[in-house]
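Input: a single structure, listed below in structure tokens.
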Amino acid sequence: MSAIEVWSAMGYAARVILFVLVAYASLLFFIVVERFVAYRRAERPAEKALSARGQLQRHMHTLAAIKVTAPMLGLLGTLLGLINAFAGMAINGVLDLRALGAGMSEALLMTVLGLVIGLPAWWAHAFFAAWTERILAQREGVRPAVG
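Straight run, no breaks: the sequence shown in this note's numbering ends on number 169.
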């Protein structure tokens, strides 16, 4: 089954969820690249302006929101895909394996996308939070705790 066939078999709610997950993935990529550049800059001794806690924690709330909501949206898309598959069979009154396969494909696609976006967001949030603390500790002359 091609991606176009899966898209055409999706319900409107699943399409919206897919669009939101793709937007999350794009936003996650932008934030990770922007934060990495900003933190590398903040580690330089001459860059005192970026050492403020507020500047270092920029976009951290967005990362936290993505890490939590992406898997939940994936789960919602999974449930909608299963409902779509079984409702189609119930309406037709016939066991149509092609329709069932399309619904299952939609459900699994949503699960995978939710996890593929949520897990790197979770990792990035933890990584950048630790990096922030390390930079601030170095600026204050304190050795950060290990572990």
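Every residue, glycine too, gets a C-beta built ideally from N, C-alpha and C.
For residue i, which residues from the same chain have a beta carbon less than 7 Å from its beta carbon, with the 5 sequence-adjacent residues on both sides left out?
i: W153; result: Y61
i: A143; result: L50, L85, I88, K89, A92
Assuming contact is defined by CB atoms lying nearer than 7 Å, are residue i and residue j in contact in what I supplied?
i: I139; j: A64; result: no
i: Y36; j: L102; result: Residue identity differs from the one stated: residue 36 is Ala in this sequence, not Tyr. Cβ distance < 7 Å, so A36 and L102 count as in contact.
i: T100; j: A129; result: yes
i: V44; j: A146; result: no
i: L135; j: G163; result: no
i: G33; j: N106; result: yes
What residues in its chain sit with their C-beta under 6 Å from that of residue i, if we drop five residues either side in the sequence?
i: V38; result: none
i: F150; result: R57
Just to confirm my understanding: we take residue i, look at its own chain, exclude 5 residues before and 5 after, and list those with CB closer than 8 Å. What are they?
i: F28; result: In the sequence under discussion, the amino acid at residue 28 is Val, which differs from the Phe named in the question. For V28, where only same-chain residues beyond five positions count, the Cβ hits under 8 Å are A124, S127, E128, L131.
Is residue i near the ligand NAD, in the sense that its beta carbon is under 6 Å from a heavy atom of that ligand?
i: G115; result: As for the ligand NAD, it is missing from this structure, which has no ligand bound.
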